[in-house]
Amino acid sequence: MRPRLGPGVPVPEAVLRELRAACPDTTTEAEIRAEASRDWWPLGLHWALAGEVAGLAGAVCRPANATQVAAVVRICAAARLPLTPIGGRSGVCGASVPRHGGVALDLTGLAGLVDVREDSLLIEVLPGTFGPDLEAALAGRGLTLGHWPQSMDLSTVGGWLACRGAGQYSTRYGKIEDMVVGLEVVLADGQVVHTGGAPRAATGPDLTQLFVGSEGTLGVITRAWLRVHPTPAAERRATFAFGSWNEGVDACRRILRRGATPAVLRLYDEAESQRSHGTQGDVAVLLVLDEGDPLLVDATMAVVAEVCAGAAPAADDLVARWLEHRNDVSALATLTEKGLVVDTLEVAVPWDRVAGVYRDTVAALTAVPTALLATAHLSHSYPDGACLYFTFAANPPGDQVEATYIALWDAGTRAVLRAGGNLSHHHGIGMNRDRFVGEALGPARSVLARVKAALDPTGILNPGKLGLPSAFEGPPWP
Ligand SMILES: Cc1cc2nc3c(=O)[nH]c(=O)nc-3n(C[C@H](O)[C@H](O)[C@H](O)COP(=O)(O)OP(=O)(O)OC[C@H]3O[C@@H](n4cnc5c(N)ncnc54)[C@H](O)[C@@H]3O)c2cc1C
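Quick note, the sequence shown lines up with residues 10 to 487 if you use our numbering.
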């Protein structure tokens with residue numbers, strides 16, 4: 010694989026020797042470096058087909074414990090080498106791509122459920138633990154975390170935390186930031202700190218949340234304490250067909266307003282209802298599933314039924330079919346190989362702006378030359394708003410793939426921001442959204458930049474991401 014954005018910072022032989030002494034599982038093997046330098050960023054998939062990655066790691070270190078992580082961090086800080094933490098590399102924004110070369114720090118060697126405190130419904134888990142392994146270990150104890158991202162099989166606890174991830178059952182269980190109680194973090198100078206740990210605190214700002222969503226730019230997460238739940242004793246499902254998307258949105262809003270939080274509340278616009286659920290394209294399908302204590306589930310579903318009384322029932326088996334196919338994204342590789350640009354854009358929007366953000370964003374995306382479609386569903390709901398998840402596609406000429414990709418993201422993101430949505434609900438920033446952070450945060454971006462400067466003065470941690478100034482030179486992207 011060739012590094013598309015320049016050769017990046019090489020790892021000197023002397024530093025490599027130090028890294029090997031500190032972390033025996035350190036390699037410079039070309040195939041492992043190339044693999045460690047890729048994630049699921051759709052534009053990166055196009056580059057990979059052309060034999061390129063954005064940046065190429067000079068070495069990959071796979072530590073076995075936090076002590077080794079701290080040692081690697083210290084060596085990189087002393088040598089001023091870029092250091093990019095990587096988990097499952099399922100990110101879709103290029104967040105784990107070592108844009109400026111240097112060292113890729115593979116955290117998947119720190120894996121496993123360490124402790125369960127059943128009475129407190131608390132677990133201690135290592136960051137490289139993949140989703141299915143965690144849920145399997147918890148199921149044996151009659152517990153669940155309730156975090157079920159579509160990338161369950163591909164992603165790790167550390168990646169969920171570093172990106173502020175959301176699972177498909179989030180309306181009941183919350184996002185990962187609601188589940189985390191405390192963290193162990195290796196700072197950029199190699200110091201190990203612990204944050205949080207109590208059910209709630211009034212000891213200044215929440216330092217745990219400082220690292221949640223920091224995408225590896227402020228510290229390396231080496232351990233986490235998370236809230237879990239008893240394995241649900243009951244599950245109920247329902248489906249509805251609304252005469253229009255806006256009617257369905259209003260129903261979701263009113264369900265949350267009444268305090269009901271069904272685990273799954275997914276509303277598809279007319280086009281997605283047709284594409285995914287076989288309707289005629291004239292209704293907006295709502296899928297509902299709740300699980301937990303039977304009394305609470307019954308009450309929740311009774312609220313849902315009352316609020317949705319004006320909608321027609323949709324096919325009974327739609328929830329079952331969604332559950333069966335919900336994590337199948339095999340089509341993406343095929344479409345990418347055909348040269349199509351396909352991606353998704355997920356944003357959080359207050360209820361009073363949902364109609365405007367939906368309308369303007371679909372219009373902006375479909376106005377981009379060669380655009381084929383722009384559709385959306387509502388995938389996570391809160392009392393004050395929801396996550397809109399847009400899917401878009403275009404069929405540009407071969408030499409216009411990257412330009413079209415950039416044009417779609419520019420058009421879609423700016424339409425969202427203008428109409429009152431935010432920059433990201435759960436996929437994060439990475440490289441792809443780096444250019445929009447200033448517009449999205451305004452002057453508050455300087456707070457983030459000053460925190461970065463204080464915690465990572467040499468700028469070694471995942472440089473070139475999160476809209477932060479980079480300590481390393483390289484061609485700009487885009
Ligand atoms: C098919 C598909 C479906 C997806 N569905 C969802 C979904 O439903 N919900 C959702 O939230 N996301 C989803 N994603 C996006 C992605 O899976 C998430 O962002 C996930 O949380 C990334 O985890 P990871 O372990 O793969 O992290 P990586 O991609 O390896 O890394 C992501 C970021 O986290 C940082 N990082 C990783 N581990 C650590 C650590 N221990 N300490 C500090 N920083 C770290 C990296 O530096 C990088 O910045 C999906 C992706 C794909 C490909």
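Beta carbons: idealized from backbone N, C-alpha and C, even for Gly.
heavy atom of ligand 1 below 7 Å from residue i C-beta
i, result
"LEU116", "yes"
"GLU224", "yes"
"ILE95", "yes"
"VAL460", "no"
"GLY199", "no"
"LEU344", "no"
"ASP48", "yes"
"ILE41", "no"
"ALA424", "no"
"TRP169", "yes"
"SER160", "yes"
"PRO271", "no"
"ILE84", "no"
"ARG275", "no"
"HIS435", "yes"
"THR217", "no"
With 16 other Cβ atoms within 10 Å as the buried cut-off, status of residue i
i, result
"HIS109", "buried"
"ALA376", "exposed"
"LEU25", "buried"
"PRO136", "buried"
"ASP325", "exposed"
"GLN77", "buried"
"ALA272", "buried"
"ASP443", "buried"
"LYS474", "buried"
"GLU482", "exposed"
"THR3", "What the structure shows of the chain is the stretch from 10 to 487, and residue 3 is not part of that stretch, so it cannot be assessed."
"LEU295", "buried"
"ALA403", "buried"
Start-to-end residues for the alpha helix (DSSP H) that takes in residue i
i, result
"GLU300", "No alpha helix (DSSP H) holds GLU300; the beta strand (DSSP E) holding it covers 293-301."
"SER179", "179-182"
"ARG444", "Note, ARG444: premise wrong, no alpha helix (DSSP H); not H, not E."
"GLU333", "327-334"
"ASP187", "185-188"
"CYS70", "That residue, CYS70, is in no alpha helix (DSSP H); its beta strand (DSSP E) goes 68-70."
Three-state secondary structure assigned by DSSP to residue i
i, result
"HIS55", "helix"
"TRP418", "helix"
"THR76", "helix"
"CYS261", "helix"
"ALA321", "strand"
"THR343", "helix"
"HIS435", "coil"
"PRO452", "helix"
"CYS85", "helix"
"LEU92", "strand"
"ILE469", "coil"
Alpha-carbon to alpha-carbon, residue j and residue i
i, j, result
"PRO487", "PRO33", "37 Å"
"TRP56", "GLU44", "13 Å"
"GLU300", "ARG246", "9 Å"
"GLN159", "VAL101", "12 Å"
"ALA63", "PHE139", "25 Å"
"ALA449", "VAL456", "13 Å"
"PRO21", "VAL112", "11 Å"
"LEU235", "ALA146", "14 Å"
"ARG423", "THR217", "30 Å"
"GLY167", "VAL460", "21 Å"
"THR35", "PRO91", "15 Å"
"ALA59", "VAL125", "46 Å"
"LEU274", "TRP360", "15 Å"
For residue i, the first and last residue of its enclosing beta strand (DSSP E)
i, result
"ASP352", "350-359"
"HIS389", "380-391"
"GLU144", "Per DSSP, GLU144 belongs to no beta strand (DSSP E); it is in the alpha helix (DSSP H), 140-148."
"GLY394", "394-403"
Ligand 3 heavy atom lying under 7 Å from the CB of residue i
i, result
"PRO107", "The model depicted lacks ligand 3 and carries ligand 1 instead."
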